[in-house]
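Numbering follows the UniProt record's numbering, with no gaps: position 102 of the sequence shown is 102. Every residue gets a Cβ at the ideal spot worked out from N, C-alpha and C, and that includes glycine. Remember, predicted model here, so these are calculated numbers, not experimental data.
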Amino acid sequence: MTDPTQALSFGTAAADYDRYRPRYPPAALRWALAGIDAPAQLVDLGAGTGILARGLLALGHRVTAVEPGPAMRAQLTSLDGDPLALAGSAEAMSLPDGYADAVLTGQAYHWFDRPRAHAEIARVLRSGGVFAPLWNLRDDSCAWVAELSRVAEIGDTVEYLRQSVTDFGDSFTSPEWAEFTHTTTLTPDELLGLVRTRSHYLTAAPDRRAEVDREVRTLLRTHPDLAGQETVTLPYTTLVARARKT
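Put into structure tokens, the structure is as follows:
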């Protein structure tokens with residue numbers, strides 16, 4: 001993984017991460033797993049608190065969750081469906097060759113050491129198995145969401161990821177892409193809680209955190225689409241890449 005300080009920072013906010021981060025639309029998961037019937041053996045790589053694993057279990061699959069952070073991994077034990085939770089990383093999963101029908105990763109691919117991770121994912125997949133990274137991305141075409149992204153230093157966009165993620169190595173087909181729109185509804189306090197789960201926030205100095213808090217509260221209080229609202233609707237695009245092991 002790259003930048004381990006940021007990559008492992010989420011453990012300090014594991015419960016809030018699980019509470020405030022958005023879920024993945026079932027349609028996005030079904031598209032990622034096209035041609036793979038339940039119950040299949042899946043790996044949720046960089047599983048965090050199990051947000052993606054929950055969606056996969058709900059579709060009737062068996063899920064092995066691989067997560068390097070002990071605080072995040074501890075959250076997995078409370079999931080219905082009892083996924084197998086293992087310590088490990090994208091570069092070292094400690095799973096047998098050909099173990100999985102599909103490996104999926106949600107909000108984690110950018111932390112991977114890509115050449116090493118691609119080789120490890122290919123090893124763990126059966127022939128013809130699927131690798132599918134997913135990202136929940138805010139819709140910055142909405143003016144207040146764009147301002148929130150600026151304040152919270154959230155940089156990933158659909159366009160950036162499509163341009164920067166071009167292949168998964170020689171063992172995989174070229175990625176196919178799909179997008180799925182959805183929304184989540186939050187109170188103003190929950191929106192601030194969501195911002196506080198971002199890696200830039202978690203690793204920032206206390207004075208910078210306080211500055212972000214003030215700017216988010218100001219946005220909520222003064223933006224015409226937000227001022228006086230008891231809840232806000234945050235629009236997302238779920239971006240999915242899908243490739244098969246050759």
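Environment of residue i [buried if 16+ CB atoms lie within 10 Å]
i, result
"residue 128", "exposed"
"residue 18", "buried"
"residue 160", "exposed"
"residue 106", "buried"
"residue 230", "exposed"
"residue 8", "Low local confidence applies: a pLDDT of 43 at residue 8 is under 50, so the model's placement there is unreliable, with the coordinate-based value given in what follows. When all chains shown are included, residue 8 counts as buried."
"residue 163", "exposed"
"residue 48", "buried"
"residue 102", "buried"
"residue 83", "buried"
"residue 243", "buried"
"residue 73", "buried"
"residue 108", "buried"
"residue 177", "exposed"
"residue 138", "buried"
"residue 214", "exposed"
Helix, strand or coil at residue i according to DSSP, with G and I counted as helix
i, result
"residue 193", "helix"
"residue 62", "strand"
"residue 179", "strand"
"residue 165", "coil"
"residue 149", "helix"
"residue 16", "helix"
"residue 198", "coil"
"residue 129", "strand"
"residue 228", "coil"
"residue 79", "coil"
"residue 143", "helix"
"residue 92", "strand"
"residue 21", "coil"
Opening and closing residue of the beta strand (DSSP E) in which residue i lies
i, result
"residue 236", "232–244"
Endpoints, alpha helix (DSSP H) assigned at residue i
i, result
"residue 222", "206–222"
"residue 107", "Per DSSP, residue 107 belongs to no alpha helix (DSSP H) and is neither H nor E."
"residue 75", "70–76"
"residue 29", "26–32"
"residue 47", "Here residue 47 belongs to no alpha helix (DSSP H), and DSSP marks it neither H nor E."
"residue 85", "Segment 84–86 is the beta strand (DSSP E) holding residue 85; no alpha helix (DSSP H) there."
"residue 40", "No alpha helix (DSSP H) contains residue 40, which DSSP labels as neither H nor E."
"residue 116", "114–124"
Of the residues the options, the one placed nearest residue i, counting alpha carbons only
i, options, result
"residue 220", "175, 187, 241 and 34", "187"
"residue 96", "125, 119, 83 and 75", "125"
"residue 91", "103, 178 and 115", "115"
"residue 29", "55, 168 and 47", "55"
"residue 277", "216, 185 and 183", "The structure shown has nothing for residue 277, since the chain only spans 1 to 246."
"residue 239", "189, 214 and 134", "134"
"residue 120", "34, 182, 171 and 145", "171"
"residue 236", "113, 182 and 243", "182"
"residue 86", "113, 245, 68 and 176", "68"
"residue 146", "111, 179, 225 and 112", "225"
"residue 99", "13, 65, 50 and 71", "65"
"residue 198", "75, 149, 167 and 53", "149"
"residue 15", "118, 218, 190 and 113", "190"
"residue 21", "123, 166, 51 and 233", "51"
Exercise. Between the segment 150–169 and the segment 196–215, do at least 3 Cβ pairs fall closer than 8 Å?
Worked result: yes
Exercise. At a cut of 8 Å, does the segment 60–80 reach the segment 26–40 through at least three beta carbon pairs?
Worked result: yes
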